[in-house]
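Asker:
Number of protein chains: 2
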Amino acid sequence: MTISGGDTSRLRRINLVTTLRALRGQGPLSLTEVTRRTGLSRPTVESLTEELLGSGWLKELPPQPGHMGRPARLFSFHATGDYVLGVDIGSYSIRAAVADLDGTVVASRTERVSADAGRSVRLAAVRATAVKALASAEVGSAQLATVCVGTTGVVSHDGRVKRCVGLPEWDGLDLAGELGADFDCPVLVENDCNLAALTEGWIGEAQGVDDVAFVLSGVRTGAGLLIGGRVHRGRGGAAGEIGALPLLGWHRATSHLTGYPKMPADILPQEAAEYVFAQARTGEPAARWAVEQYAHDLAEGIAALVLALDPELVVIGGGVSRSGDVLLEPLRRHLDPLCLEPPALAVSTLSDQAVVLGAVRLALDHVDARLYDVDTMLPEPSS
Amino acid sequence: MTISGGDTSRLRRINLVTTLRALRGQGPLSLTEVTRRTGLSRPTVESLTEELLGSGWLKELPPQPGHMGRPARLFSFHATGDYVLGVDIGSYSIRAAVADLDGTVVASRTERVSADAGRSVRLAAVRATAVKALASAEVGSAQLATVCVGTTGVVSHDGRVKRCVGLPEWDGLDLAGELGADFDCPVLVENDCNLAALTEGWIGEAQGVDDVAFVLSGVRTGAGLLIGGRVHRGRGGAAGEIGALPLLGWHRATSHLTGYPKMPADILPQEAAEYVFAQARTGEPAARWAVEQYAHDLAEGIAALVLALDPELVVIGGGVSRSGDVLLEPLRRHLDPLCLEPPALAVSTLSDQAVVLGAVRLALDHVDARLYDVDTMLPEPSS
DNA sequence: ATGAGAAATAAAAACAGGTTGCATTAGTAA
DNA sequence: TTACTAATGCAACCTGTTTTTATTTCTCAT
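From first to last, the protein sequence lines stand for chains A and B.
If you read the first sequence in this note's numbering, its first letter stands for residue 75, the second for the next number, and so on.
If you read the second sequence in this note's numbering, its first letter stands for residue 75, the second for the next number, and so on.
#1: Using DSSP with H/G/I as helix, E/B as strand and the rest coil, what is B:Asp410?
#2: Short check: CB of B:Arg147 to CB of B:Pro137, under 8 Å?
#3: Can you name the residues that DSSP bridges to B:Cys222?
#4: Buried or exposed: A:Glu454, going by 16 or more other Cβ atoms within 10 Å of its Cβ?
#5: Which residues, in chain order, does the segment 214-231 of chain B contribute to contact with chain A at a C-beta distance below 8 Å?
#6: Would DSSP call A:Ala34 helix, strand or coil?
#7: Here's the rule I'm using: 16 or more other beta-carbon atoms within 10 Å means buried, otherwise exposed. How should B:Pro335 be labelled?
#8: Using a beta-carbon distance below 8 Å, is B:Asp384 in contact with chain A?
#9: To the nearest angstrom, how far is the alpha carbon of B:Leu90 from that of B:Asp174?
#10: Output the boundary residues of the alpha helix (DSSP H) element that contains A:Ser230.
#11: With distances taken Cα to Cα, identify the nearest neighbour of B:Val394 among B:Ala360, B:Val429, B:Glu358 and B:Ala346.
#12: Report the partner residues of A:Gly391 according to the DSSP bridge assignment.
#13: Please confirm if the segment 421-428 of chain A is in contact with the segment 278-294 of chain A, defined as three or more CB-CB distances below 8 Å between the two stretches.
#14: According to DSSP, is A:Ile301 helix, strand or coil?
#15: Starting from A:Leu414, find everything on chain B with Cβ-Cβ shorter than 9 Å and list it in chain order.
#16: Can you give me the C-alpha to C-alpha distance between A:Leu241 and A:Ser104, rounded to a whole angstrom?
#17: Assuming the contact rule is C-beta atoms closer than 8 Å, A:Leu262 and A:Thr220 should be a hit. Round their C-beta distance to whole Å, please.
#18: Within 8 Å (strictly less), CB to CB, does B:Thr106 reach chain A?
#19: Where do the N-terminal and C-terminal ends of the alpha helix (DSSP H) with B:Asp442 fall, by residue?
#20: What are the residues that DSSP puts in a beta bridge with B:Glu185?
#21: What do you get for B:Pro102, buried or exposed, if any count of 16 or more other CB atoms within 10 angstroms of its CB means buried?
#22: Quick test of the definition: if touching needs 3 or more C-beta pairs under 8 Å, does the segment 293-304 of chain B touch the segment 244-261 of chain B?
#23: Taking the Cβ atom as the reference point for each residue, do A:Val235 and A:Leu253 lie within a distance shorter than 8 Å?
#24: For A:Gly192, count neighbouring C-beta atoms within 10 Å of its own C-beta (all shown protein chains included) and say buried if the count is 16 or more, exposed if not.
#25: What's the call for A:Ala204, buried or exposed, on a 16-neighbour Cβ count within 10 Å?
#26: Name the chain B residues that come within less than 9 Å of A:Leu85, Cβ to Cβ?
#27: Comparing alpha-carbon positions, which option in A:Gly314, A:Ser165, A:Ala170 and A:Phe149 lies nearest A:Ile376?
#28: Taking the alpha carbon of A:Arg110 as the reference point, which residue from A:Glu386, A:Ala96, A:Leu122 and A:Ser121 has its own alpha carbon closest?
#29: Tell me where the alpha helix (DSSP H) around B:Leu383 begins and ends.
#30: What is the C-beta distance between B:Ala181 and B:Val172, in whole angstroms, given that I count them as a contact (C-beta under 8 Å)?
#31: Can you confirm whether B:Pro417, when its beta carbon is compared against all beta carbons of chain A, has any partner nearer than 8 Å?
#32: Does the segment 300-311 of chain A come close enough to the segment 394-409 of chain A that 3 or more CB-CB pairs lie under 8 Å?
#33: State the DSSP-derived secondary structure class of A:Asp190, mapped to helix, strand or coil.
#34: Residues of chain A with a CB under 7 Å from the CB of B:Ile301: which are they?
#35: So, do the segment 313-327 of chain B and the segment 404-421 of chain B have three or more beta carbon pairs nearer to each other than 8 Å?
#36: If I follow the unbroken alpha helix (DSSP H) through A:Glu107, where does it start and stop?
Written out as C-alpha cells, the structure reads:
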C-alpha cells in the first residue's frame, strides 16, 4: 500500500472513492445507508453524493414510498455511461460480450469460425463479432471504456501472442496492435486459461478463494493461476504452461480421448471428448480405459502445479467440465497419491462462457483500478 | 488497497505514517528533507515529528554544523527501542541473529548440533543459542518485538511442522507453541527455503525482482517462492515442494553427489557435496559425471517451477552455492531446453546466512505491517 | 570583529473538510 | 386531524494543513 501524505483535498478524494465504492455493484442505496456503510457522517455523504451526482458518477432514482417516515432519496452507480467489451478467440468460435460497469452483460454474440482459419480470416471474424455484439447492445465505440481479448497461447506483457500451437498463423501476432487501431480505448490481451480462472474467482467455483489453479482441458490442455485472488501471469505471461514439460503427461492427455478406437466417423473433432465421456458413462470398457489414461496424464501436470503452488482449490474447466461426473472420480484417484495434501477439486459450471466472461472481468478490473485509485480518479467520468 | 473514509484525524494518521516511513531505513533527515520527501508542508512535518518524537517513534540527533545557514535539527527512526530475533534450525547447526528495527544485525550466534539430535535436544539447543545471542546483544526479552524461526519441512499456518524428513523427531512438532512460551512476543515459524528466498529479495540476488524461485540445495533439495516480492506459502505452507513429485528428479538429486564412488572416508556428510564439486573443478571424470547427473535432476524440478510460475529469476542457494562456478554451466545446459523461455539464473552469495537473515526479515515485516498500517498504528510504541 | 546572506525555526492567520446538534419536512398509522 | 417516524437541511464548531511573515543561528567575505 503506497501511502503519501496530503492535505484535506486528499481526504476529500478518499471519501469520494469510498462513497463511490459503497454504491458500486450494489442496488440503489439511500443516503442513510451509505452513511452506515462508509462510517462517514450524514452531511459529508450528502455533499459527496451531490458532487458525484453532478459529475455523472451517480444517478438518482425516484424515491420509493411505502416505508415509515419521509422517503429517502435513492442513488445508484451510473452504470449506463460506460461499457466494456470482452472477446474470446477460440478454435471453433469467436465470442464477444458487452457489459456495463456493474458487470451486467447487456449483449453477447457467438460466431462460428473454421479451425483452419488463418490469421486474417480469424481477425476479421473477431472484428465482425465485436461489431455485432456492440450493435446488439446499442453501444457506440465512444462508450467503450476498455476492451479485453482472450486467446490461446502465451501472451506477452505488450499483448503479443508469443507461443501458440492451437490457432493457425497465430504465433507471433501483435494482437494488441492489430485490434488497438479498431477501438478508441485500451485493448488488453490475455491468455484464455488465465481469463477462465479469473471468472471462476468472480462468479464461479473459486469465489473468495485466494490461490487457485484452473485447468482448462478441451482442444488443448492448459492452466491459469490465481494467486491472492489475482491472475498470476509471470514474467512473460507463461505461468501455468506446465504442459510444456514432456516428463509430465499433458501433451498427450487429450490424445487418449481423440484416439478412442471406436470413434464413429461422423463425430466432429470438437465433440470427440464428450462422446468418449458419454460412452464411458454407459460403462463401455474402451471408453473407460481412455478416460482412465486421460485422468492419469492430467493428474501428473495438476500435481506439479499443486506441489509448486499449494493452491486451496483446483478447478477443472473447458470442454471436459460437462463430463465432470465421469472424470472427477478417476482424476481424484490419480491425483491424490501424487500430492502431499490433496487440494479441493471442483468442476466448472460456467461451460463455454468462462473465457469471455473473464475478458469482461479483466476489462472491468482495468477500469476499476483507474476508478478506485485515489490519486488518479478524475472529478468527472469520461463522458 | 482497502479504502475507508474518515475525518481529519485519519488524515493525521496517514501523514504520521508517511513521515515515519520517510525516516525509516534512511539515515538521519532534517525537517526540510522530510518535507521534500513527503510533499507535506513544513509546519505539518514539524508537528508530526514532534508527536512522533514525544511518543518515542523518533529520536533527535545533535545538529551537524559545517553547512551554510542555521544547522538543521536531525531526526532518525528510533531503532534502539525494539529488536527482532531470527533463528535458523538446521541439521548440523542452530543460528540466531538479533537485529534492530532498522534491520541492522547487532549480534549473531551459531551453535553446532548433532544431525541425530532428537526433538528435545534440538529444542534445547535452539533456546540456548537464542539466549546467547540475546545476551551478546544485551537485549532483554521485553525488548523483543517479534521472533521468527526457520525450519526444514512444511510449516502450517499455525506454526506446526507438518512434514519433515531432514530432522529426527521433528515431524508434527508444534514449534510455535513450544517456543511461544519462551517469549513475550509473537513467534513466527516459516519454512527455511521461503526465508532464504526472502533474504535474496531483500539483500541478495533477487533485489527488486517480483517473481523469484529460490532453490536451496544442500542436505536436501527444496524451493521457496517469492511472488510479487512476497513469500508465497500456499494453503498449507507447502508451496515449492515440487521435490515430492517422483517423476521429477529432486528426491535423488543429492544422491549423485553423496554417492560419488571415490569419496574419501574422512569426509563429513555435510562436506560431501563440496568435495565432489572441488574434484569436478580439477576435471576428475567421475566427479564431473556426478555433477552432470546432479544438474540434470535439479534442472527437472526447476523447470517444473519455471513452467508453473514463469519467474523472472531463479536463485540457487544452500551448500552448493559455494560451487556455482562448477554447477552453473551444466545446470544452464540441462535447464534451458526444458523451458519455453529460459529465466535468469543466479547463484546466491549469502552462503549459510540466508535462512537466519530471512527469519530476521520476516520478523521485521511482521513489525512493519503493524507499524505501517494506518488504522492500527498506535500513538505510542510498545515501550 | 562585523555585516550580509543563507537556511532553518517559530508563530499567526487563512483555508478546507468533517462532525455534532437542532430545526424542518414529508410521509405513515391511529 | 394528530402523533409518530425517518430523512433532510442548516449552522456552529473542531481538526488539520497551508500560506505568510517574523525570528533565530550559522557561514562567509570584508
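Using N, Cα and C, we set each Cβ at its ideal position, and we do this for glycine too.
None of these values were measured; they are calculated from a predicted model.
Answerer: The structure says:
#1: Translated into the one-based positions of the second sequence, residue 410 of chain B becomes position 336. Three-state DSSP puts B:Asp410 in a helix.
#2: Residue numbering aside, residue 147 of chain B sits at position 73 when the second sequence is read from its first letter. Residue numbering aside, residue 137 of chain B sits at position 63 when the second sequence is read from its first letter. Closer than 8 Å, so yes.
#3: By one-based count along the second sequence, residue 222 of chain B stands at place 148. B:Gly160 and B:Leu262.
#4: Numbered from 1 along the first sequence, position 380 holds the residue referred to as residue 454 of chain A. A caution first: A:Glu454 carries a pLDDT of 48, below 50, which makes its placement in the model unreliable, though a value can still be read off. Exposure of A:Glu454 is indicated by the presence of fewer than 16 other C-beta atoms within 10 angstroms of its C-beta.
#5: Within the segment 214-231 of chain B, those residues whose Cβ lies closer than 8 Å to any Cβ of chain A are, in chain order, Val228.
#6: Coverage of chain A is limited to positions 75 through 457, which leaves residue 34 of chain A absent and any answer about it impossible.
#7: Here residue 335 of chain B refers to the residue found at position 261 when the second sequence is read from its first residue. B:Pro335 should be labelled exposed.
#8: As a working mapping, residue 384 of chain B is identified with position 310 in the second sequence. So yes, B:Asp384 belongs to the interface.
#9: For the purposes of this step, residue 90 of chain B is identified with residue 16 of the second sequence, where counting begins at 1. For the purposes of this step, residue 174 of chain B is identified with residue 100 of the second sequence, where counting begins at 1. Take the alpha-carbon of B:Leu90 and the one of B:Asp174: they are about 21 Å apart.
#10: Locating residue 230 of chain A in the first sequence gives position 156, counting from the first residue. In this chain, A:Ser230 is not harboured by any alpha helix (DSSP H), its DSSP state being neither H nor E.
#11: In the second sequence, residue 394 of chain B corresponds to position 320, counting from 1. Ranking the options by Cα distance to B:Val394, first place goes to B:Ala346.
#12: Residue mapping note: residue 391 of chain A aligns to position 317 of the first sequence, counting from 1. A:Leu290.
#13: Contact holds: three or more Cβ-Cβ distances are below 8 Å.
#14: In the first sequence, counting from the first residue as 1, residue 301 of chain A sits at position 227. Of the three classes helix, strand and coil, the one that applies to A:Ile301 here is strand, per DSSP.
#15: Here the question's residue 414 of chain A lines up with position 340 in the first sequence. Listed along chain B are Val228, Lys236, Arg237, Gly310, Ala312, Glu315 and Ala318, each with a C-beta nearer than 9 Å to that of A:Leu414.
#16: Locating residue 241 of chain A in the first sequence gives position 167, where the first residue counts as 1. Locating residue 104 of chain A in the first sequence gives position 30, where the first residue counts as 1. Going by the C-alpha atoms only, they are around 51 Å apart.
#17: Here residue 262 of chain A refers to the residue found at position 188 of the first sequence. Here residue 220 of chain A refers to the residue found at position 146 of the first sequence. At roughly 7 Å, the Cβ-Cβ gap stays under 8 Å, so A:Leu262 and A:Thr220 are in contact.
#18: Counting from 1 along the second sequence, the entry for residue 106 of chain B is found at position 32. No, no contact with chain A.
#19: Counting from one through the second sequence, the residue named residue 442 of chain B turns up at place 368. Here the alpha helix (DSSP H) through B:Asp442 covers Ala428 to Tyr446.
#20: Within the second sequence, the letter at position 111 stands for residue 185 of chain B. According to DSSP, B:Glu185 bridges with B:Ile168.
#21: Stepping through the second sequence from its first residue, residue 102 of chain B is reached at position 28. Classification of B:Pro102: buried, given that the 10 Å Cβ count is 16 or more.
#22: With the cut-off at 8 Å, the segment 293-304 of chain B and the segment 244-261 of chain B do not touch.
#23: Residue mapping note: residue 235 of chain A aligns to position 161 of the first sequence, counting from 1. Residue mapping note: residue 253 of chain A aligns to position 179 of the first sequence, counting from 1. Their beta carbons are not under 8 Å apart, which means A:Val235 does not touch A:Leu253 by this criterion.
#24: For the purposes of this step, residue 192 of chain A is taken as the residue at position 118 of the first sequence. With fewer than 16 Cβ atoms within 10 Å of its Cβ, A:Gly192 is classed as exposed.
#25: Position 130 of the first sequence, counting from 1, holds the residue named residue 204 of chain A. It is buried - the Cβ of A:Ala204 has at least 16 other Cβ atoms within 10 Å.
#26: Stepping through the first sequence from its first residue, residue 85 of chain A is reached at position 11. Under the 9 Å cutoff, chain B gives Gly79, Gly80, Asp81, Thr82, Arg84, Leu85 and Ile88.
#27: Start at 1 with the first residue of the first sequence, and residue 376 of chain A comes out as number 302. The candidate whose alpha carbon is nearest that of A:Ile376 is A:Gly314.
#28: For the purposes of this step, residue 110 of chain A is taken as the residue at position 36 of the first sequence. The shortest C-alpha separation from A:Arg110 is found at A:Ala96.
#29: Numbered from 1 along the second sequence, position 309 holds the residue referred to as residue 383 of chain B. Note, B:Leu383: alpha helix (DSSP H), Pro359 to Leu383.
#30: In the second sequence, residue 181 of chain B corresponds to position 107, counting from 1. In the second sequence, residue 172 of chain B corresponds to position 98, counting from 1. For a cut-off of 8 Å, the C-beta gap from B:Ala181 to B:Val172 is around 5 Å, short enough to register as a contact.
#31: Along the second sequence, read from residue 1 onward, the residue named residue 417 of chain B stands at position 343. True, the Cβ-Cβ gap to chain A drops below 8 Å.
#32: The segment 394-409 of chain A makes no contact with the segment 300-311 of chain A, as fewer than three CB pairs between them are under 8 Å.
#33: Taking the first sequence and counting its residues from 1, the one referred to as residue 190 of chain A is at position 116. In the structure shown, A:Asp190 sits in coil (DSSP, three-state: anything other than H, G, I, E or B).
#34: As a first step, residue 301 of chain B is located in the second sequence; it is residue number 227 there, counting from the start. Chain-order list of chain A residues neighbouring B:Ile301: Ile301 and His306, by C-beta distance under 7 Å.
#35: No contact exists between the segment 313-327 of chain B and the segment 404-421 of chain B.
#36: In the first sequence, the residue the question calls residue 107 of chain A occupies position 33. In the DSSP assignment, A:Glu107 falls within the alpha helix (DSSP H) that extends over Leu105 to Thr112.
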